[in-house]
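Inspection log for the structure reproduced underneath, given as structure tokens.
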Amino acid sequence: MSVVLAAGKVVLRDNCPVEDAEPLLILLQNHPDCPVDIGDATNLHAAVLQVLMMFRRDLIGGSRDSFLQKWIVPVLTDRTENRI
Amino acid sequence: MDELIEQFLIEGRELVQQASDDLLALEENPSDLGRIDSAFRAVHTLKGSVGFFDFAPMGELLHRAEDLLGTVRSGRLAATKAILDVLLECIGASDAWIDSIERTGNLPPDADAQGRSLRAAMAPYLGEAGQDIATAPEVDLDWVAGLVERNREAVDGAGAGQPITALRYTPSKDCFFLGDDPLALVRSIPGLIALEIGTRDAWASETFDPFACNLVFEALTPAPVDDVRGIFRLVPDQTIVFEIQAESAAQQLAESPATPDGGREGGGRTLRVDAARIDVLANIVGELVVTKNGLAHLAQQAAETDPKLARSLSANQANFDRLIGDMHRAVIAMRMIPLARTFQRFPRLVRDIAGKLNKGVVFSVTGEEVQADKSIVDGIFEPLLHVLRNAVDHGIEGAETRRGNQKPADGHIRLEARRTNDQIVFSVMDDGAGIDLDSVRQIAKSRNLMDAAVIDALDDAEVLDLIFAAGFSTAAAVTDVSGRGVGMDAVRTAVEALGGRVLVSSTRGAGTTIQLILPQTLVINTIMTVRVGDERFGVPIESVQETMRVAADRILPIREGEAFVVRNRTLPLLRLADLLNLPRLPRPDDIRVLIATAGDERVGIEVDGFAERFDVVLRPMQGLLSGMPGVLGTALLGDGQVLMVLDLPELIG
Chain A
327 MSVVLAAGKV VLRDNCPVED AEPLLILLQN HPDCPVDIGD ATNLHAAVLQ
377 VLMMFRRDLI GGSRDSFLQK WIVPVLTDRT ENRI
Chain B
1078 MDELIEQFLI EGRELVQQAS DDLLALEENP SDLGRIDSAF RAVHTLKGSV
1128 GFFDFAPMGE LLHRAEDLLG TVRSGRLAAT KAILDVLLEC IGASDAWIDS
1178 IERTGNLPPD ADAQGRSLRA AMAPYLGEAG QDIATAPEVD LDWVAGLVER
1228 NREAVDGAGA GQPITALRYT PSKDCFFLGD DPLALVRSIP GLIALEIGTR
1278 DAWASETFDP FACNLVFEAL TPAPVDDVRG IFRLVPDQTI VFEIQAESAA
1328 QQLAESPATP DGGREGGGRT LRVDAARIDV LANIVGELVV TKNGLAHLAQ
1378 QAAETDPKLA RSLSANQANF DRLIGDMHRA VIAMRMIPLA RTFQRFPRLV
1428 RDIAGKLNKG VVFSVTGEEV QADKSIVDGI FEPLLHVLRN AVDHGIEGAE
1478 TRRGNQKPAD GHIRLEARRT NDQIVFSVMD DGAGIDLDSV RQIAKSRNLM
1528 DAAVIDALDD AEVLDLIFAA GFSTAAAVTD VSGRGVGMDA VRTAVEALGG
1578 RVLVSSTRGA GTTIQLILPQ TLVINTIMTV RVGDERFGVP IESVQETMRV
1628 AADRILPIRE GEAFVVRNRT LPLLRLADLL NLPRLPRPDD IRVLIATAGD
1678 ERVGIEVDGF AERFDVVLRP MQGLLSGMPG VLGTALLGDG QVLMVLDLPE
1728 LIG
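Chains A and B, in that order, are what the protein sequence lines are.
Take 327 as the starting number for the first sequence in this note's numbering and just add one per residue.
Take 1078 as the starting number for the second sequence in this note's numbering and just add one per residue.
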């Protein structure tokens, strides 16, 4: 599994497929103040992304993946509600 | 007129033209995606331009037309004949409205009703296309503007003049179950320059379902529309892909003054200039020609006192002559435009007319590339349309009759333009019933156009000519199409006003050919009017060197003739009344003389009075009068009077 709780943060690693969405949701629900680290994630499934978007936890660092860093990190750190 | 409106009229016509070309092409090949796209863009842009003004019915109509085209474009509806028909009707209405805006500054009074009925005609297609049309915000493209605005820097950075593809992707709620990963699709968009991710509904943590997709993606990329569509080809119902043109032509004009090499290169570099400005230029050149003629005379005068000066003056004058000639040709060329501008409108209009009359017509056009003066290209539209209307209405028979006569069920109408020397011959040929001379005779009698006996005595050609008589119309019943109270006489009048003439030939059972023969360039002449007794005549201003008054007692009788002295030269004096074989009036004390040149000689011509100057289109003499010596042609004055324009050198000669 690519979603784990480690050292007080929720860490997403490698390729996070659709199956990661539910465990991620449960982790975030159970640890209300936990920040999220997607530094080592190479890909996020849209289902995972929308869980992250709903909780909008603090991100630790950015992402090594250039697509995630350029386009997804700003979405997750943007505190304004951007409902299209 | 307001500059914005002017720009709108120009651009609007082009867009209407584009849309109608595309729709007609789709009729041939309903699956031509490029044409669907192009029509959609044209209608969308037109709708956008209409939005600047208070033409609500036009905006609403185009909005619906755009919706319908969008549905076709997304593949939810096929481009059937019925759909193309209603779309073409919308475009036809827009075209007429643009004409009305140009004339009156406003939509015609029935625009609202007309728009409403067309919108109603489109409604079933939009309804049938599924509920998503009604509920999806997708059909609306307002989001594009917002997206571009928020990402202005990225868009500008993508390079000016390049089209940008905008995408809105609203994955279906159950897409995760179907194995879709929307983000993976978005990730594969090449050259992404903007990505915004939002939600369909606000997040609600209590009811949050991680497996129901709540995301909406909006993206911009310089990648071609088709590439982006390719990526999302499996979810076309969830995406809107839209190409944003770099800038509208109007903006480009307004924003890039005098940067000849800026912006796009390679494409035709054109400059739109108000035709009125070119006319001003043409007038100046015309006056230059007249002024130049005076220089030749000056050189002659100088020859007597200073031969050396005279020689260099002559050399200069020759150069001057050549340059003005070049300039004159350049200005004329500036006004030359291809006939395409007018011809392009006909296929749709003919189709329209044929549809209304329930006749099958195959229409073909050749000669769009032939160039003519702008006033000819614009002015020929009405007369040609009328002739085409007649061809469909009176020429082409119903399908039943045609079959009975062993003709193909669909009639064929051909519009052709050819250039011969300095003339353009427009021919409208139909393979219809031809003109029934007996019924022409009958109608002419019933309308009392002439004495019955005279009509019976006319030969066939003369009978054919009767269709041009005022008050003649072969329509037995007044139809929506042809019966507008104007007949072929209106065509002849319009063509003659442009300096042309109309010919007709017809073979019973085989068809009719109408030819409109027009000059390629409209030659505007400035003429001066002179009086002899009560009659007025025109004289081209170029042939008049000067006008003066001479005291009667200074006229010297010389043998049978007369002469007078002007600036130490003795000039012969002729009376215009004598030249034209008109009665002489008694000579006043103070006589009016115009000085004309005949070859190298100058001659005074006595007239009874001078009147105003006019700019006129000179029409050559025709028929019996064409051999008349001393007459250049006739000109139609503003008040409808016909003025004979004299050829002074020939009269004197």
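Backbone N, C-alpha and C fix where the C-beta goes; we use that ideal spot for every residue, glycine too.
- Going by beta carbons, T1590(B) and D1450(B) fall outside the 9 Å limit.
- Between I1270(B) and V1232(B), the gap from beta carbon to beta carbon is short of 9 Å.
- C-alpha of I1178(B) to C-alpha of D1666(B): approximately 58 Å in a straight line.
- For a cut-off of 8 Å, the C-beta gap from A332(A) to V374(A) is around 17 Å, too long to register as a contact.
- Taking a Cβ-Cβ cut-off of 8 Å, the neighbours of L370(A) in chain B comprise L1260, given in sequence order.
- Of the candidates E1230(B), L1086(B), I1409(B), A1142(B), L1086(B) places its Cα closest to the Cα of N1183(B).
- G1638(B) places its beta carbon 9 Å or farther from that of L1657(B).
- For R1613(B), the enclosing beta strand (DSSP E) stretches over residues 1612-1617.
- Near chain A, meaning a CB-to-CB distance below 8 Å, no residue of the region 1120-1147 of chain B qualifies.
- Residue state for F1423(B) is assigned as helix, using DSSP reduced to three classes.
- With respect to the 9 Å criterion, D1487(B) and L1434(B) are not classified as neighbours on the basis of their beta carbons.
- The DSSP assignment places complete alpha helix (DSSP H) segments of no fewer than 4 residues inside the region 1130-1210 of chain B at 1133-1150, 1158-1181, 1188-1205, in order along the chain.
- Just so you know, the alpha carbons of L1165(B) and E1623(B) end up roughly 59 Å apart.
- For the region 376-388 of chain A, the set of positions with a beta-carbon nearer than 8 Å to some beta-carbon of chain B reads Q376, V377, M379, M380 in chain order.
- Between R1664(B) and G1686(B), the gap from beta carbon to beta carbon reaches 9 Å or more.
- For L351(A), the residues of chain B that pass the 9 Å Cβ criterion are F1285, P1287, in the order they occur in the chain.
- Taking the Cα positions, A1407(B) is about 22 Å away from G1576(B).
- Between E1474(B) and A1431(B), the gap from beta carbon to beta carbon reaches 9 Å or more.
- One Cα belongs to Q376(A), the other to S1282(B), and the distance between them is close to 12 Å.
- Inter-residue distance for L1653(B) and M1605(B) is about 14 Å (C-alpha atoms, whole angstroms).
- Per DSSP, E1446(B) is not a residue of any beta strand (DSSP E), being assigned neither H nor E.
- If you draw a straight line from the Cα of L1272(B) to the Cα of R1264(B), it is about 10 Å long.
- Pairing D1566(B) with F1549(B) gives a Cβ-Cβ distance under 9 Å.
- Just so you know, the alpha carbons of G1169(B) and L1462(B) end up roughly 14 Å apart.
- Among the bridge pairs identified by DSSP, Q1592(B) is matched with S1504(B), L1580(B).
- Per DSSP, M1413(B) is one residue of the beta strand (DSSP E) stretching across 1413-1415.
- Within 10 angstroms of the beta-carbon of S1504(B) lie 16 or more other beta-carbons, which makes it buried.
- For T1276(B), at least one C-beta of chain A is nearer than 9 Å to its own C-beta.
- With respect to the C-alpha of A1417(B), the residue from R1150(B), D1455(B), D1398(B), I1409(B) having the closest C-alpha is D1455(B).
- As summarised for the region 1517-1553 of chain B, the continuous alpha helix (DSSP H) elements at least 4 residues long and confined to that stretch are 1529-1534, 1537-1542, given in chain order.
- For M1527(B), the closest of G1307(B), A1547(B), D1508(B) by C-alpha to C-alpha distance is A1547(B).
- At a C-beta separation below 9 Å, N1291(B) has these neighbours in chain A: Q376, M379, M380.
- Looking at the DSSP output, A1673(B) shares a beta bridge with V1621(B), V1680(B).
- As the crow flies, the alpha-carbon of S1620(B) is around 14 Å from that of R1690(B).
- Within chain A, the residues placing a beta-carbon under 7 Å from that of L1272(B) are W397, ordered along the chain.
- For the 9 Å CB-CB criterion, E1320(B) and Y1246(B) do not form a contact.
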